[in-house]
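Below: the structure, in structure tokens.
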Amino acid sequence: MGDLFSAVLDVGTTESAYTAAARFAVVLAFAAVGEWVAERAGTLNISVEAMILAGAFGAALGYHATGSVVLGLVGGMLAGGAVASVQAQMSHRLTADQFVVGLTLNILVLGIVGFLDSEWKLSTRTASIVEVPFLVDIPLVGPALFGQPWPFYLIYLITPLFAWLVLRTRWGLEVRSVGENPQAADVSGIDVNRRRRQSIYLGGLSAGLGGGYLLLGQVGRFDPGIVAGRGFIALVAVIFGGWTLRGAIFGCLLFGSVLSFRLTLPGLGYDLNNEMLSSLPSLVTIAAMALFAHAVRQPEALARPFIRGLK
Amino acid sequence: MSLAVGSGRGTGGRVVEVVTIYVVCGMAALVFSGLIVEAVGSDWTDVGKALLNGSVLKPGRWGGTIGVTIPLAMVAIGTIISTKANLVNIGQEGQLLVGAATATYVGSRISAPGPIVVVLILLAGVLGGALWSGIAGGLRYWRKVPEVLTTLLLVAVASNLVGYGLKNPWLLLDPEAKLGNRNMVSRQLPLDTRMPRITLWGNEISISAFLAVALILLVGWMLSRTIWGFRLTVVGQNRRVATRFGISESAHGMIAMFASGGFAGLAGAFMLTGGDFANYRLVPGFSVNIGWVGLLVALVANNRAMAVIPMAFVFASLRTGSGFLASTGIERRVTDVVQGLIVLALLLPPAIMFIRERRRALASARSRV
Amino acid sequence: MGPPAAICARLLSKSYGAVAACDAVDIELHSGEIHGILGENGAGKSTLMKMLIGLVVPDSGTILVDGSPVQISDPVVAASLGIGMVHQHFSLVEALSVWENVALGDSGRLDRTAVRGAVGEMGERYGLHVDPDARVADLPVGLRQRVEILKCLRREPAILIFDEPTSVLTPEESDELFGSLRNVVEQEGRSVALVSHKLTEMLGVTDRVTIMRNGRVVERCLTAETDAGALARAMVGRDVRLRSGSRPSARASAEESPSTDTRPAPVLEFRGVTVAESRGFVELDDLSLVLRAGEILGVAGVEGNGQRVIADLLSGLRSQTSGDVLVSGEVIDVGRLGATIRAGVAVIPEDRHDSGIVLGMTVAENLMLADPAAIADRGVIDRAAMGEMARGLIERFAIMCTGPNAPMWTLSGGNQQRVVLAREITASPKVLVAAQPTRGLDVGAIEYMTDQLRQVASTGVGILLISSELDEILELADRIVVLYRGEMTGEMSRSEATREKIGRLMGGDLT
Chain Z
1 MGDLFSAVLD VGTTESAYTA AARFAVVLAF AAVGEWVAER AGTLNISVEA
51 MILAGAFGAA LGYHATGSVV LGLVGGMLAG GAVASVQAQM SHRLTADQFV
101 VGLTLNILVL GIVGFLDSEW KLSTRTASIV EVPFLVDIPL VGPALFGQPW
151 PFYLIYLITP LFAWLVLRTR WGLEVRSVGE NPQAADVSGI DVNRRRRQSI
201 YLGGLSAGLG GGYLLLGQVG RFDPGIVAGR GFIALVAVIF GGWTLRGAIF
251 GCLLFGSVLS FRLTLPGLGY DLNNEMLSSL PSLVTIAAMA LFAHAVRQPE
301 ALARPFIRGL K
Chain X
1001 MSLAVGSGRG TGGRVVEVVT IYVVCGMAAL VFSGLIVEAV GSDWTDVGKA
1051 LLNGSVLKPG RWGGTIGVTI PLAMVAIGTI ISTKANLVNI GQEGQLLVGA
1101 ATATYVGSRI SAPGPIVVVL ILLAGVLGGA LWSGIAGGLR YWRKVPEVLT
1151 TLLLVAVASN LVGYGLKNPW LLLDPEAKLG NRNMVSRQLP LDTRMPRITL
1201 WGNEISISAF LAVALILLVG WMLSRTIWGF RLTVVGQNRR VATRFGISES
1251 AHGMIAMFAS GGFAGLAGAF MLTGGDFANY RLVPGFSVNI GWVGLLVALV
1301 ANNRAMAVIP MAFVFASLRT GSGFLASTGI ERRVTDVVQG LIVLALLLPP
1351 AIMFIRERRR ALASARSRV
Chain A
2001 MGPPAAICAR LLSKSYGAVA ACDAVDIELH SGEIHGILGE NGAGKSTLMK
2051 MLIGLVVPDS GTILVDGSPV QISDPVVAAS LGIGMVHQHF SLVEALSVWE
2101 NVALGDSGRL DRTAVRGAVG EMGERYGLHV DPDARVADLP VGLRQRVEIL
2151 KCLRREPAIL IFDEPTSVLT PEESDELFGS LRNVVEQEGR SVALVSHKLT
2201 EMLGVTDRVT IMRNGRVVER CLTAETDAGA LARAMVGRDV RLRSGSRPSA
2251 RASAEESPST DTRPAPVLEF RGVTVAESRG FVELDDLSLV LRAGEILGVA
2301 GVEGNGQRVI ADLLSGLRSQ TSGDVLVSGE VIDVGRLGAT IRAGVAVIPE
2351 DRHDSGIVLG MTVAENLMLA DPAAIADRGV IDRAAMGEMA RGLIERFAIM
2401 CTGPNAPMWT LSGGNQQRVV LAREITASPK VLVAAQPTRG LDVGAIEYMT
2451 DQLRQVASTG VGILLISSEL DEILELADRI VVLYRGEMTG EMSRSEATRE
2501 KIGRLMGGDL T
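Listed in order, the protein sequences are those of chains Z, X and A. Quick note on the numbering used here: the first sequence kicks off at 1 and runs consecutively. Quick note on the numbering used here: the second sequence kicks off at 1001 and runs consecutively. Quick note on the numbering used here: the third sequence kicks off at 2001 and runs consecutively.
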């Protein structure tokens, strides 16, 4: 116990630990903000894992073809959007089960990119680091939040953008209503499945951007195992955050920190239980749900398909 | 979903339509797979031949395919039970792993006559899987935590748990494995604690195949013909009616949850003792997606017990067939692509028919304007 | 010639399987009129309206709006054509606020201030006041309906459809609603379609009535030229006994002067039963009552005053906070699973879809729910016995369906209710709880139900008749208790009861 305490203290005063945590958390956050929109509309979108992976591959392809990080990121978004369009069309136009489609996509996309990756050799590199003047000098967290590769800063843009979209616009009101009571939304003249599809597209674009960032901002070289469950953790973060955007971002930061410990702790001379740390996001979320299940309300129609006339 | 008859079409026409849609979707999946293969400069006929040869055609191959079919079918039949109770269990991959781990633990600790150990291994697998799904079930009924989330989350925990066990000799690690090489394997099951294998027309199959078929028939019969199955359906469809008639929602739901995890765990135990996977040892990544794919089998079988066996066989064929792809110079992963496309193709027809039904109604209304 | 038709349907048909819900229906709704659509359950009124609003796609037929043919494929199209509907089961999103719900379905930029202002303004104009910032989940039923109407009116519909709007309202609320409707029609020239099975509403509110039976229009008339008897005859196709305050039962009058010795034994007793909700709200307050064998005890009261809790208690769906429930003199723990059903309590629930039937299962399976063991051998269902049992009950209770294996959802509401009745009566209960047993039923089905209840009582079953319809209570009950805010405000025999007296007690006036 004492060990753990001093480990946490050590980590808490090490600048590089914050940087590592932020790098981990931001990929989760890109995926989580999109996943949040999809879940508010009623889709428990487990293909987010595939969307990130497709995003990373799309970014690799885009960069390889053009040599531009911007176009690489666009490629990532398009690839994420492509996965999203299959998920959206299958589950919210053709009324196929959303989990089956999601599971299938996770396997399918892994197969496709793994296959293509082994056939095409893509050369990529990481984007350059851009430091935000003054802010980067904040002790401890400065470099973590303001001394990162430039695509990192896109998260500061899309998080408030998505919040505004969902919570302030008519589109967002409709998205929330289809996630809560699709029957009511339907008779109010809202195209329920269309809103759900759109929310998934948005999720795909943002997860794809996350994948693109993961590749071009951090890893630098594509590998089919690059995502390593980050999509699931992002999904968990949304649940952990009680379906609020603030909570989801907090979840990403928390889980990002915990998972980055796996990298930071050995460097500080601690022997750690890697499996325990890896399980922590899931365990913490299960515990949180068990303890606060009554206080937190999930979107009423989450994971329930909408077919007119069937309840 | 109501399929209103009365648009002037006979049943025969409908059957033709359904079959056509399935065939067209299946062909589309194959064509799309073929295109991907062609895109990287390989020949799709070679790939197709290799897949068929590897799964059923070449001597001795279909035995191996049956070996993969067994755990897939077990996972799927368990899934059907929980679905009947309106529970969404998507954590079979984890339940299978935990079942395999408990089975390994029992198998490497207990010294008794071989057949007894085999039975104990299978029971341990069932218990392990049931325990893992039972956590999700318990949280569902006592803390109202949606089981779809917990089952999913527990997959990651299970895989970490097994990873931990395989690092520690007091749990699962084979004490004789070379630690320097970070060889994370369990002790190999002794010869007499393995599931007997028999040879049929040049194919070796584990006798767990017969056990699996018997279990599937039993579950199918229980769901459709017994009071228990009836009550489970009532619980799944209207829990207030169930409560009103003294049918315990939590008791039936828990049993369904235990059963579904238990079958996944049994799948793990079959994989361990059967010899078609990992050579009678537990290794990291032992589950090789059988849990996920088994779940897909249940869903494309549309939750009919009898459809589980053929569906599981088709999916197993892809896996075993991929073993022959090396000769074609194409990446094994292409079978994941084919598999994914086939699932999507099988999901399409019911959806397409639903849409056509609606279109047809609209069109016939329009035609009389 | 009346005003021009705002909407006009020609030969509209819709079938579900072999059942024609609507069969070549013609209807015209005119501007500036309230048009009543009267019919039994399953007569096709709801289906007809759903076709006009785009929730159901017709198999054939034409719809003309302002004289030109249109294709109403979904509610969006209907809204763009100026057709709006206020639904029987509300179409509000509970998690959202009132103004958000009202704004839902509009187009253009979401302007909170403007929508809130509009809610207030319309509230003034139509007398439909409601707090725009309240969360719908926190509102009582009457207010929710107001939100629903505001939402609909905000889109300035030319045609406004109401589907059984008063089934959840108090009489006062109903009067207010119809007052607002008159405003809408007369001042703004809109057209209103009022779907209902209540004859008094048809006569009191509408300008014109269309009567449907078995999916067809059987009669059209001007309200001023008809009367209750004619409407009822057209609706059921034969003469029916209209309800009145008089009570023909000779059996019950003998019980009006009971002597303690000859009174039958109590089959159900409540002793100081209190049910408090988790937030502390008392739903049932120290209720004591006695129901004897062969007796019909009416529980009167405006809905939402504790009736539902009584039915839920006796269904084993809730348990009391304090007090005792006794069946045949023995205390039973209603919260224990299956305790009430074992003790011999049968229930016809107020909402059959909620706790009465399983829509996705077959008629036979729904019938066997009460006692599956009877047609099973050591846990294995005997298919032949099951079919035989079901066919017997289908015949005896004249349930209209294609057979024992017909899925429950293919039956009309009235026939679903017959399935419930058949199952509950044949379970040979000691106590039968009938909660709003005739709600949503047509005159013919109501008559059938009341006859059945009388007959069951005559075999010695105690019946607890929970109803918010005073006429029903006065017609059937031997004794009456009145509930107000979970408390019993009065108890009397039928002979002591007058409408006025009960009405006062229902309103909490205890002087």
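For every residue, glycine included, the Cβ atom is placed at its ideal position computed from N, Cα and C.
C-beta neighbour in chain A for residue i, strict 8 Å
i: Z/Trp187; result: Just to set this straight, residue 187 of chain Z is Val in the shown sequence, not Trp. Chain A, which has a Cβ nearer than 8 Å to the Cβ of Z/Val187, makes this yes.
i: Z/Thr244; result: no
i: Z/Ile249; result: no
i: X/Asn1086; result: no
i: X/Ser1317; result: no
Closer than 8 Å at the beta carbon, the chain Z residues around residue i
i: X/Thr1150; result: Ile286 and Met289
i: A/Glu2094; result: Glu180, Asn181 and Glu300
i: A/Ala2079; result: Gly189
Beta-carbon neighbours of residue i, restricted to chain X and to distances below 8 Å
i: A/Val2334; result: Under the 8 Å cutoff, chain X gives no residues; its nearest Cβ is about 11 Å from A/Val2334.
i: A/Leu2369; result: Val1234, Val1241 and Phe1245
i: A/Glu2330; result: Those do not exist, as A/Glu2330 stays about 17 Å from chain X at its closest Cβ, beyond 8 Å.
Below-8 Å beta-carbon distance, residue i vs any chain X residue
i: Z/Asp223; result: no
i: Z/Val100; result: yes
i: Z/Ala303; result: yes
i: A/Ile2007; result: no
i: A/Ile2083; result: no
i: A/Leu2143; result: no
i: A/Pro2372; result: yes
Which residues DSSP lists as bridging residue i, in chain order
i: A/Ala2346; result: A/Leu2432
i: A/Asp2324; result: A/Arg2271
i: X/Glu1204; result: X/Thr1199
i: A/Arg2135; result: A/Ser2097
i: A/Ile2466; result: A/Val2299 and A/Ala2435
i: A/Asp2163; result: A/Val2195
i: Z/Asn288; result: Checking the displayed sequence, the identity of residue 288 of chain Z turns out to be Ala instead of Asn. DSSP, once it has assigned bridges, lists no residue as partnering Z/Ala288.
Contact list for residue i against chain X, beta-carbon separation under 9 Å
i: Z/Thr95; result: Met1001, Pro1350, Ala1351, Phe1354 and Ile1355
i: Z/Met90; result: Leu1344, Leu1347, Leu1348 and Ala1351
i: Z/Val236; result: Leu1149, Leu1152, Leu1153 and Ala1156
Contact list for residue i against chain Z, beta-carbon separation under 9 Å
i: A/Glu2100; result: Leu173, Arg176 and Ser177
7 Å Cβ cut-off: residues of chain Z touching residue i
i: X/Asn1160; result: Glu275, Ser278 and Ser279
Assumed close pair residue i, residue j - CB separation to whole angstroms, cut-off 8 Å
i: A/Glu2283; j: A/Gly2306; result: 6 Å
i: Z/Ala237; j: Z/Leu28; result: 6 Å
Within chain A, partners of residue i - CB distance below 7 Å
i: X/Thr1226; result: Gly2379, Val2380 and Ile2381
i: Z/Ala184; result: Ser2091, Leu2092 and Val2093
C-beta neighbour in chain Z for residue i, strict 8 Å
i: A/Pro2075; result: yes
i: A/Ala2390; result: no
i: A/His2087; result: yes
i: A/Ala2103; result: yes
Contact list for residue i against chain X, beta-carbon separation under 7 Å
i: A/Gly2360; result: Gln1237
Within chain A, partners of residue i - CB distance below 9 Å
i: X/Ser1435; result: Only positions 1001 to 1369 of chain X appear in this structure, which leaves residue 1435 of chain X out of reach.
Give, in chain order, every unbroken run of the alpha helix (DSSP H) that is at least 4 residues long and sits entirely within the segment 1082-1126 of chain X. 1092-1109
Could you tell me which whole alpha helix (DSSP H) segments of length 4 or greater appear in the segment 148-215 of chain Z? 154-168, 170-180, 182-187 and 192-213
Quick one: complete beta strand (DSSP E) runs, 3+ long, within the segment 2109-2158 of chain A? none
Runs of alpha helix (DSSP H) lying entirely within the segment 1228-1296 of chain X, each at least 4 residues, in chain order: 1239-1244 and 1249-1274
May I have a chain-ordered list of the beta strand (DSSP E) segments no shorter than 3 residues that lie completely inside the segment 56-139 of chain Z? 129-131
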